[in-house]
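J.: Going down the list, the sequences are from chains D and Z. Counting from 11, one number per residue, gives the positions in the first sequence under the working numbering. Counting from 1455, one number per residue, gives the positions in the second sequence under the working numbering. First the structure, which I've put down as structure tokens, then a few questions once you've had a look.
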Amino acid sequence: MIIKTLLSGDLPRSRILSAMLLAVLIGLILAPFVFPGARSLNVAATICVFVVLVASYDLLLGYTGVVSFAHTMFYGIGAYGVGLALNGMGPSWWAVFVGTSGALALSLVLALVIGLFSLRVKAIFYAMITLAVASAFAVLASQLSDFTGGEDGRTFRVPEMLQPGFRLLDTEILGRAIDGKLITYYLVFFSALALFLFMLRIVNSPFGRVLQAIRENDFRAEALGYRTVIYRTLANCLGALIATLAGVLMALWLRYVGPKTMLSFEVMTDILLIVVIGGMGTVYGAVIGSALFILAQNYLQVMMGKASVAMSGIPFLANLFHPDRWLLWLGVLFVLSVYFFPTGIVGRLRARALTRERP
Amino acid sequence: MTKILNVAPQDTALPKVRVDMVPLLLVPVLALLMLPLVGSFPTWVTLTVAGLAMGMMVFMMASGLTLIFGLMDVLNFGHGAFVSVGAFTATMVLLPMRSWVEADSVWMNLSVVGMAILLAMVVTGLLGWAFERIIIRPVYGLHLKQILITMGGMIVAEQLIHVIWGAEQIPLPLPTTFRGAFIIGDAALEKYRLIAVVVGLIVFVSMFLVLNRTKVGLLIRAGVENGEMVEALGYRIRTLFVGVFMAGSALAGLGGVMWGLYKETLTATIGAEITVLVFIVIIIGGLGSVGGCFIGAMLVALAANYAGFLAPKVALVSDILLMVTVLLWRPQGLYPVAKR
């Protein structure tokens, strides 16, 4: 019952899916204790942030049917907001607060302006405009080096409680020191969880239903009396704000901001790949997709490296399996899934569960 | 009995289509406005020629995209991939025939570049055919899927370039006689830029003639206006689609070769980087309009060059500012295409 309320009545509706979600959740909760080592903790934190980022993108793409390429821009605004505030004002919670609220305000204004300017027209127009604005923003961030640190980005110190040297308890719990890194991880994790549940609430609210109506048939939604421009713009702003918060979390975790990790177009294509492969229009797709994608990004490449070495005798194939070429295979998977499984992994699993119930 | 029908006398001509002149004036007006700001005349000439050259190259890449959109209502987000493939294909001619490239003879240089362009256009044209067949055909009419799928096609194409040509940058030196500049008065005009202007003009004029003076062009224009009607009159619009898609891709390939020689180094993302500019250009011109695309390309390139000289920081966002200004004035672009 509590679970049902927490998930806003939108249960996974598939046993396999529930099992996968539980596995991801438990894995993320226990990550610092079960998988020791800096790298695996980093993977876990990245998954948390990406779940939020991708789910907020799903709000736009999957639920409202709006293609935006400016999502990394909002993500970057959040990261840069906190990063520059901490860099300029010193490591304090006040700086985190100022940076976050400044970033949120900027994102809101930008999302409103872009939305009102171009959401009246077709989806295609919006996609192009956001692409142009986001790339201009990325160029600005890397060129205004006095302010943003240019290509190198900025490193900064986080508030004392989050610094790796900080000890909350003198004793170790389950063989792990309770240090600032752990606290940061749980800060990221619980914020991500809260934001995720919040988005689940949004898409299952009457507001979310209107968004889906707009996606299915905007003319009809308009005819029913919903001002589609306003709903689209609201969804756009909401997505932007949550992406900004995801950026804040990422910056706090990495203690670094830079154009390559925060604003580059690669991040945008990653988001697209995750949301489509995971499942558009199902917030859960973001969880499954991010977990699989980030794990693949970090561990599949090692396996591909081995395959490439094994095939080093054959010139073309070796190149095809070169560890840097993993995006090729994901791209193929992406195209295939747009054709054959437009609802992604989650949609497939749900459809399977449905046919099993009513054969 | 009074006249019931008010029939026009037979010798009156059909009502003329009014030509919208205002956008045409924008380019010279922008150029002239900048003259006092730049200050010195020779610098202004250099900047203007540089802008025109860049504009022509962008036009080559953008014209195919806008025509494809106008005719088929398909926006190919993977258009940049054809630009990259075109540029990389050119290396297959230009690098093995290095002696011709380095020879100090205009004819040898021209013919080797000509061969490179021809090969690039053939390859990108065929690729366009495959792309239309495999990637785009199943998603006609579905905008959301088109955006996603062409984006995916772009990712795959970029990675395949890495697989085929390797992941490193490839230097692409300009042929010997194309280097350097003509000095006229105090103004330095780079030779390669002049060549780009000439090639761009040839492309524009031939495209204009094909669209306005041939039957195929008539059908294409009719298809942009109303595809179903063309089909009802017994023409296979599918064949037309494929042809235009191939031609547009080949033009992108041509633009890619020119752009690659201009940059002199090649990376697989060369197409993705220019895509943003290309989109801005076709938005400014009005989606689907070739003439608007030409003017848009010139405006964007000139503005970028002037801004780069006058206020380098502004140059970073000059295209966006230009786009916003144009859209505030004409929300559908300079030459709105009637149907959309």
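No residue lacks a Cβ here, since even glycine has one placed at the ideal position from N, Cα and C.
Note the first and the last residue of the continuous beta strand (DSSP E) segment covering residue 1644 of chain Z.
T.: The residue labelled residue 1644 of chain Z in the question sits at position 190 within the second sequence. Where residue 1644 of chain Z is concerned, the enclosing beta strand (DSSP E) stretches over 1641-1644.
J.: What span of residues does the alpha helix (DSSP H) with residue 1552 of chain Z cover, start to end?
T.: Mapped onto the second sequence, residue 1552 of chain Z falls at position 98. Element bounds for residue 1552 of chain Z: 1552-1556.
J.: So if DSSP puts residue 427 of chain D in a beta bridge, which residue, or which two residues, is it bridged to?
T.: The first residue shown for chain D is 11 and the last is 369, placing residue 427 of chain D beyond what the model contains.
J.: My output table needs one value for residue 236 of chain D: the three-state DSSP class, helix, strand or coil.
T.: Working through the first sequence from its first residue, we reach residue 236 of chain D at position 226. Looking at residue 236 of chain D - three-state DSSP - the assignment turns out to be coil, as it is neither helix nor strand.
J.: Which residues in the same chain as residue 269 of chain D place their Cβ atom closer than 7 Å to its Cβ, once the five residues preceding and following it in sequence are excluded?
T.: Residue 269 of chain D sits at position 259 when you count from the first residue of the first sequence. So the list reads 148, 151, 152, 161 and 163, once near-sequence residues are dropped.
J.: Would you mind working out which of Z:1629, Z:1709 and Z:1682 sits nearest residue 1510 of chain Z, comparing C-alpha positions?
T.: Taking the first residue of the second sequence as position 1, residue 1510 of chain Z is located at position 56. For residue 1510 of chain Z, the nearest C-alpha among the options comes from Z:1709.
J.: So does the stretch 85-93 of chain D actually touch the stretch 201-219 of chain D, counting three or more Cβ pairs closer than 8 Å?
T.: no
J.: What does residue 330 of chain D reach in chain Z if we use C-beta pairs closer than 8 Å?
T.: The count along the first sequence starts at 1 and reaches residue 330 of chain D at position 320. Under the 8 Å cutoff, chain Z gives 1617.
J.: Spell out whether any CB of chain Z is found under 9 Å from the CB atom of residue 334 of chain D.
T.: By 1-based counting over the first sequence, the position of residue 334 of chain D is 324. Closer than 9 Å to some Cβ of chain Z, the Cβ of residue 334 of chain D qualifies, so yes.
J.: In angstroms with no decimal places, state the Cα-to-Cα distance between residue 82 of chain D and residue 230 of chain D.
T.: Here residue 82 of chain D is taken as the residue at index 72 of the first sequence, counted from 1. Here residue 230 of chain D is taken as the residue at index 220 of the first sequence, counted from 1. Between residue 82 of chain D and residue 230 of chain D, the C-alpha separation is close to 31 Å.
J.: Going along the chain, which residues of its own chain have a beta-carbon closer than 6 Å to the beta-carbon of residue 84 of chain D, five neighbours each way excluded?
T.: Numbered from its first residue, the first sequence carries residue 84 of chain D at position 74. Within the same chain, residue 84 of chain D has close Cβ partners 117, 250, 253 and 254.
J.: I want to check one thing, is the minimum distance from the CB of residue 1580 of chain Z to the heavy atoms of the ligand ADP below 8 Å?
T.: In terms of ligand content, the structure shown is empty, and the ligand ADP therefore cannot be addressed.
J.: Since residue 344 of chain D meets chain Z, which of its residues come closer than 9 Å, beta carbon to beta carbon?
T.: Here residue 344 of chain D refers to the residue found at position 334 when the first sequence is read from its first residue. Correct list: 1602, 1603, 1605, 1606, 1609 and 1610.
J.: Among D:100, D:299 and D:173, which has the Cα closest to the Cα of residue 282 of chain D?
T.: The residue you call residue 282 of chain D lines up with position 272 of the first sequence. The residue with the shortest Cα to Cα distance from residue 282 of chain D is D:299.
J.: Which residues in chain Z sit within 7 Å of residue 138 of chain D, going by Cβ to Cβ distance?
T.: Locating residue 138 of chain D in the first sequence gives position 128, counting from the first residue. The contacting residues are 1733 and 1737.
J.: Closer than 7 Å by C-beta to residue 16 of chain D: which residues in its own chain qualify, once you throw out the five before and the five after it? Chain order, please.
T.: Residue mapping note: residue 16 of chain D aligns to position 6 of the first sequence, counting from 1. These residues qualify, in order along the chain: 207.
J.: Check the Cβ of residue 145 of chain D against every Cβ in chain Z and list those closer than 7 Å, keeping chain order.
T.: Indexing the first sequence from 1 puts residue 145 of chain D at position 135. 1730, listed in chain order.
J.: Taking 9 Å as the CB-CB limit, is residue 341 of chain D close to chain Z?
T.: As a first step, residue 341 of chain D is located in the first sequence; it is residue number 331 there, counting from the start. Answer yes: the Cβ-Cβ gap between residue 341 of chain D and chain Z drops below 9 Å somewhere.
J.: Can you name the start and end residues of the alpha helix (DSSP H) that residue 1829 of chain Z belongs to?
T.: For residue 1829 of chain Z there is no data in the structure shown, the boundaries of chain Z being 1455 and 1794.
J.: Using a Cβ cut-off of 9 Å, pull out every chain D residue sitting near residue 1777 of chain Z, in sequence order please.
T.: If you number the second sequence from 1, residue 1777 of chain Z lands on position 323. Per Cβ cutoff of 9 Å: 139 and 142.
J.: Compare the Cα-Cα distances from residue 140 of chain D to each of D:76, D:112 and D:170 and report the closest residue.
T.: Position 130 of the first sequence, counted from the start, is the residue given in the question as residue 140 of chain D. That would be D:76, whose Cα lies nearest to the Cα of residue 140 of chain D.
J.: Name the chain D residues that come within less than 8 Å of residue 1726 of chain Z, Cβ to Cβ?
T.: Your numbering for residue 1726 of chain Z matches position 272 in the second sequence. What residue 1726 of chain Z touches in chain D: 275.
J.: Which stretch, first to last residue, makes up the alpha helix (DSSP H) that contains residue 110 of chain D?
T.: To locate residue 110 of chain D, count along the first sequence from 1; it is residue 100. Per DSSP, residue 110 of chain D belongs to the alpha helix (DSSP H) from 103-128.
J.: Here's a check: name, in chain order, each residue in its chain whose Cβ is nearer than 7 Å to the Cβ of residue 343 of chain D, leaving out the five neighbours to either side.
T.: Reading the first sequence from its first residue, position 333 is the one you call residue 343 of chain D. Closer than 7 Å at Cβ, skipping near neighbours: 287.
J.: Is it true that the stretch 1721-1728 of chain Z meets the stretch 1603-1614 of chain Z, where meeting means three or more beta-carbon pairs spaced less than 8 Å apart?
T.: Using a Cβ-Cβ distance cut-off of 8 Å, the stretch 1721-1728 of chain Z and the stretch 1603-1614 of chain Z are in contact, since at least three pairs of beta carbons, one from each stretch, lie closer than that value.
J.: Using 10 angstroms around the beta-carbon of residue 221 of chain D, count the other beta-carbons present and answer buried if the total reaches 16, otherwise exposed.
T.: In the first sequence, counting from the first residue as 1, residue 221 of chain D sits at position 211. Flag for residue 221 of chain D reads buried.
J.: Step through the CB atoms of chain D and report whether any lies within less than 9 Å of the CB of residue 1767 of chain Z.
T.: Here residue 1767 of chain Z refers to the residue found at position 313 when the second sequence is read from its first residue. For residue 1767 of chain Z, the answer is yes, since a Cβ of chain D falls inside 9 Å of its Cβ.
J.: Is residue 1455 of chain Z close to chain D? Criterion is C-beta to C-beta, closer than 9 Å.
T.: Locating residue 1455 of chain Z in the second sequence gives position 1, counting from the first residue. Confidence in residue 1455 of chain Z is poor, its pLDDT being 46 and thus under 50, which makes the residue's placement unreliable; the coordinate value appears in the next sentence. Residue 1455 of chain Z does not count as touching chain D.
J.: Give me, in chain order, the residues of the same chain whose beta-carbon lies closer than 7 Å to that of residue 1761 of chain Z; leave out the 5 immediate sequence neighbours on both sides.
T.: In the second sequence, residue 1761 of chain Z corresponds to position 307, counting from 1. Excluding sequence neighbours, residue 1761 of chain Z sits near 1768, 1769 and 1772.
J.: Could one say the Cβ of residue 1599 of chain Z lies closer than 9 Å to chain D's Cβ atoms, at least one of them?
T.: Numbered from its first residue, the second sequence carries residue 1599 of chain Z at position 145. Interface residue, yes.
J.: Could you tell me whether the Cβ atoms of residue 42 of chain D and residue 106 of chain D are closer together than 9 Å?
T.: Looking up residue 42 of chain D in the first sequence gives position 32. Looking up residue 106 of chain D in the first sequence gives position 96. Cβ atoms of residue 42 of chain D and residue 106 of chain D: not closer than 9 Å.
J.: Check the Cβ-Cβ distances between residue 1774 of chain Z and every residue of chain D, and say whether any is below 9 Å.
T.: In the second sequence, the residue the question calls residue 1774 of chain Z occupies position 320. Chain D, which has a Cβ nearer than 9 Å to the Cβ of residue 1774 of chain Z, makes this yes.
J.: Please list, in chain order, all residues of the same chain as residue 1455 of chain Z whose beta carbon is under 6 Å from its beta carbon, the five residues on each side excluded.
T.: Along the second sequence, read from residue 1 onward, the residue named residue 1455 of chain Z stands at position 1. For residue 1455 of chain Z, the predicted structure reports a pLDDT of 46, less than 50, and the residue's modelled location is therefore unreliable. A value from the coordinates is still provided. There are no such residues.
J.: Let me know if residue 360 of chain D comes out buried or exposed under the rule of 16 or more other beta-carbons within 10 Å of its beta-carbon.
T.: Here residue 360 of chain D refers to the residue found at position 350 when the first sequence is read from its first residue. Burial call: buried.
J.: When we look at the beta-carbon of residue 1795 of chain Z and count the other beta-carbons within 10 Å, is it buried (16 or more) or exposed?
T.: What is shown of chain Z runs 1455 to 1794, which leaves residue 1795 of chain Z out entirely.
J.: Which two residues bound the contiguous alpha helix (DSSP H) that contains residue 156 of chain D?
T.: As a first step, residue 156 of chain D is located in the first sequence; it is residue number 146 there, counting from the start. Its alpha helix (DSSP H) spans residues 155-158.
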